[in-house]
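Per the UniProt record's numbering, the sequence shown starts with residue 1, numbered consecutively. Take a look at the structure below.
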Amino acid sequence: MATICITGATDGIGLATTERLLAAGHRVLVHARSEERGAAVVDRLEGDAVLVTGDLASLAEVEGLATQVREQGPLDVLVNNAGVWVRGSTPPTSVDGFETTFAVNVLAPHLLTARLAEHLTGRVLFLGSGMAGSGHPDPADPGAKTDPSRAYADSKAADVLLANAWSRRLPTIGSAVVDPGWVKTKLASAGAPGTVDTSADSLTYLCTEADLDQGLYWRGRRTITVPKHLRDDAYADALAATCDRLAGA
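And the structure:
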């Protein structure tokens, strides 16, 4: 059975996917922002669940999270599921001075993937969005947008580009991005038609069964077309290089 790390695994799509994987007998490293937030969730999970913690809005805590994951031995799958949309009490700027959406949705998964690259034996997954197609992150300054909607769209477009870049940086490791659909989570509006179970089915399939050679971008159990402006390898590599510099990766 596989060892799978899922960020943002204490609620929503991450938790639903964790429950499915545990039920199938896999070992899941359940990421939470803090021990306090995660312990209660892990205590009620059935199966081989291990709590790992770190605030993804802090590069230092992402480094600490990577250390915790490495201490658990080889990792088959990394699922960069966690994400934010700045609203309400969410601070607009991370502790490192970056726009928060960019810090959590882009820099954190990029740095975590970099730090776990030598321990990965299977695949790395990024979470996309239907909004990715309207995102146009500046490869030289990808966290420049501060309007919450634009920042989120840019972050999801960036995740598509990072999946592309990592597919070539780690040619022996599968890399893909998953569009979970518009589902009822804390990030979506009340009118979202989908459910976390549908998205969890897709993520579980991508973790354990899908042939990632079929394509980079997935929805459900099928590949979908990558938005035209996000197919550019040079664009993806330039963005990844900027993230290397900003995250110290």
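Every residue, glycine too, gets a C-beta built ideally from N, C-alpha and C.
The secondary-structure analysis by DSSP pairs Trp85 with nothing; it has no beta-bridge partner. For the set Asp43, Ala23, Leu21, Gly8, the Cα lying nearest the Cα of His31 is the one of Gly8. With a contact defined as Cβ atoms closer than 8 Å, Asp179 and Ser134 miss out at about 13 Å. Annotated three-state conformation of Val42 is helix, per DSSP. Out of Ile4, Ala39, Cys5, Glu46, the CA that lies nearest to the CA of Glu19 is found in Glu46.
Scanning its chain for C-beta atoms nearer than 7 Å, with the 5 sequence neighbours on each side dropped, one finds around Leu206 the residues Leu125, Ala176, Val178, Trp218, in chain order. With a beta-carbon spacing of about 10 Å, Thr93 and Thr101 fall beyond the 8 Å limit used to define contacts. Annotation for His110: the continuous alpha helix (DSSP H) segment containing it runs 108-116.
Beyond the five residues adjoining it in sequence on each side, Lys156 comes within less than 6 Å, by CB distance, of Gly128, Ser129, Met131, Ala132, Gly135 in the same chain, given in chain order. In the displayed model, Gly181 falls within coil according to three-state DSSP, outside both helix and strand. Judged by their CB atoms, Leu111 and Leu78 are not nearer to each other than the 8 Å cut-off. Per the coordinates, the alpha-carbon of Ser202 lies some 16 Å from the alpha-carbon of Asp213.
Looking at the DSSP output, Ile13 bridges to nothing.
In the DSSP assignment, Asn164 falls within the alpha helix (DSSP H) that extends over 148-169. For Asp233, the enclosing alpha helix (DSSP H) has its first and last residue at 233-247. Boundaries of the beta strand (DSSP E) harbouring Leu51: 49-53, taken from the DSSP string. At the C-beta level, Ala144 and Val95 stay beyond 8 Å of one another. Residues Arg27 of the same chain have their beta carbon placed closer than 6 Å to that of Asp48, with the five preceding and five following residues left out of the count.
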